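Some notes on the structure that comes next.
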DNA sequence: AAGAAAAGTTGAACCAATTCTAAAATTGAG
DNA sequence: CTCAATTTTAGAATTGGTTCAACTTTTCTT
């Protein structure tokens, strides 16, 4: 069933995403006109709207790829974490943050986050919420792992702590992308400081 | 210096905000057309844009009033907090959350939050960031207060814990407004659960 | 009180996302 | 190969936020 039609469809998807990625980075989200994306992807405007419900969904597809990469990178840390709670958390969070600007500019992140709260029921809105949940789960999984190897007290409510840590990190990341002059090292240091009390409290 | 011009200006401001508030609630943010707001406020479209940079700023003015009320209500709790850490935090957070839907619908919150990340440098974006900071400070102030009366250990990093608690609450609130069917009691219970570890850790 | 300057108001025009339509192209089935 | 179904295409129409140049109103000056 992988007929020509299937292949062409996949190819158009890729062309649209490639064109949009390039233009979003060059001209910013607002500056990248649908007409220009269509031209660069060598499809018509109508085709773009046939593939994606709206401009936000195109950005959404790009964000999804990025976050999925981050989730993959995170699995390694969960599987074999550094040998103390603070470093383990810092390493996982570090992966999230350091990867975050690989493909997406701060402006793209701002737009993506805005769209996901503005239209929570759009395809992208739902995907974004799901990705957040997966990241939260990954942090909780790390804590569970640390409990297994006796670095975290067994009576700690892992899922709740995972949510707390993720929500704080996410909010800090939002503030980070809102300020163009904000830098990654300061962001990480601030998060480490915030987590310190928690790390002390849950450590075995 | 309270000439005619001043009075007319104040009056127009009020009429625009009243019209917008009514229409946002009736028709939703997107549904409330600038043209309709102008008509109901009995000013021209141009005048609205003379008073507010864009549609988001109108919503911003409404949100500001709401948040400032909440901040005021919170001062009482900080001044004389309940006699244990868990209840003190729960009371303050309760005030924030219970007041939150007095004037603003979930849809209005979604839009407001989206705009504040999308346009962090717009007048509203800056005001919103400042309000978040004030809420964070208020939580930190509560913790400082609890340290004074020996309910919280003196060596705890109050500001960091305040940020952690605020960021978590805020993120939970964002998820809350994203789901129309989400209910306040469940939200509060979830936040209480997340804060539990922290409460245990900082209590004297 | 008249005239000039300053401040504010107005709505038509503009722009870009999105929708719609009818025609052209492509594909898979028989 | 031919036909019917599906997709793509180009572009016109729609829509709603935002801008702008001309017009009014208010204030200031003398």
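Protein chains in written order, with our numbering: chain A, 1175 to 1378; chain B, 1175 to 1378. Note that CB positions come from ideal geometry on N, CA and C, so glycine has one too. Only a predicted model underlies this, so the values are computations on that prediction, with no experimental measurement involved.
Using a C-beta cut-off of 8 Å, the segment 1209-1224 of chain A makes no contact with the segment 1280-1290 of chain A, since fewer than three inter-stretch Cβ pairs fall below that distance. Between residue 1368 of chain A and residue 1342 of chain A, the gap from beta carbon to beta carbon is short of 8 Å.
Residue 1227 of chain B has a beta carbon lying at 8 Å or more from every beta carbon in chain A. Secondary structure at residue 1377 of chain A: strand, using DSSP grouped into helix, strand and coil. Here residue 1189 of chain A has 1215 as same chain residues with Cβ atoms under 6 Å from its own Cβ, once five neighbours each way along the sequence are excluded.
For residue 1363 of chain B, not one C-beta of chain A is nearer than 8 Å to its own C-beta. For residue 1244 of chain B, the secondary structure class from DSSP, reduced to helix, strand or coil, is helix.
The Cβ neighbour count for residue 1269 of chain B, taken over all protein chains shown within 10 Å, is at least 16; the residue is labelled buried. DSSP places residue 1329 of chain B outside any alpha helix (DSSP H), giving it a letter other than H or E.
Within chain B, no C-beta atom comes less than 7 Å from the C-beta of residue 1316 of chain A; the nearest is roughly 15 Å away. Residue state for residue 1216 of chain B is assigned as coil, using DSSP reduced to three classes. The beta carbon of residue 1209 of chain A is closer than 7 Å to those of 1219 in its chain, skipping five residues each way along the sequence. Here the alpha carbon of residue 1186 of chain B sits roughly 45 Å from the alpha carbon of residue 1238 of chain A.
Taken in chain order, the complete alpha helix (DSSP H) segments of 4 or more residues contained in the segment 1268-1345 of chain A are 1280-1292, 1297-1322. Residue 1310 of chain B is not a Cβ neighbour of residue 1352 of chain A, given a cutoff of 8 Å.
In this structure, residue 1320 of chain A places its C-beta atom within 8 Å of the C-beta atom of residue 1262 of chain A.
In the three-state reduction of the DSSP assignment, residue 1369 of chain A falls in the helix class, which pools H, G and I. In the assembly as shown, residue 1253 of chain B is an exposed residue. Its beta-carbon has fewer than 16 other beta-carbons within 10 Å. Scanning chain A for C-beta atoms nearer than 9 Å to the C-beta of residue 1330 of chain B yields 1371, reported in chain order. For the options A/1306, A/1257, A/1362, A/1280, the alpha carbon positioned closest to that of residue 1326 of chain A is the one of A/1257. In this structure, residue 1267 of chain A keeps its C-beta atom at 8 Å or more from the C-beta atom of residue 1358 of chain A.
Residues of chain B whose Cβ lies closer than 8 Å to the Cβ of residue 1294 of chain A are, in chain order, 1284, 1352, 1353.
When the Cα atoms are used, residue 1297 of chain B and residue 1233 of chain B turn out to be separated by approximately 11 Å.
In chain order, 1230, 1299 place their CB closer than 7 Å to the CB of residue 1293 of chain B, counting only its own chain and leaving out the 5 sequence neighbours on each side. Pairing residue 1323 of chain A with residue 1336 of chain A gives a Cβ-Cβ distance that is not under 8 Å. A direct Cα-to-Cα measurement between residue 1354 of chain B and residue 1338 of chain B gives close to 26 Å. If you draw a straight line from the Cα of residue 1371 of chain B to the Cα of residue 1349 of chain B, it is about 21 Å long. Contact of residue 1338 of chain A with chain B by beta-carbon distance below 8 Å involves 1338, 1342, 1368, 1369, 1371, 1372. Here residue 1254 of chain B carries a coil assignment [DSSP, helix/strand/coil]. Residue state for residue 1183 of chain A is assigned as helix, using DSSP reduced to three classes.
Under the three-state reduction of DSSP output, residue 1249 of chain B falls in the helix class. In the structure shown, residue 1224 of chain A falls within a helical segment according to DSSP collapsed to helix, strand and coil. Residue contact with chain A for residue 1375 of chain B: present (Cβ-Cβ distance below 8 Å to some residue of chain A). Residue 1241 of chain A and residue 1179 of chain B have their C-alpha atoms roughly 54 Å apart.
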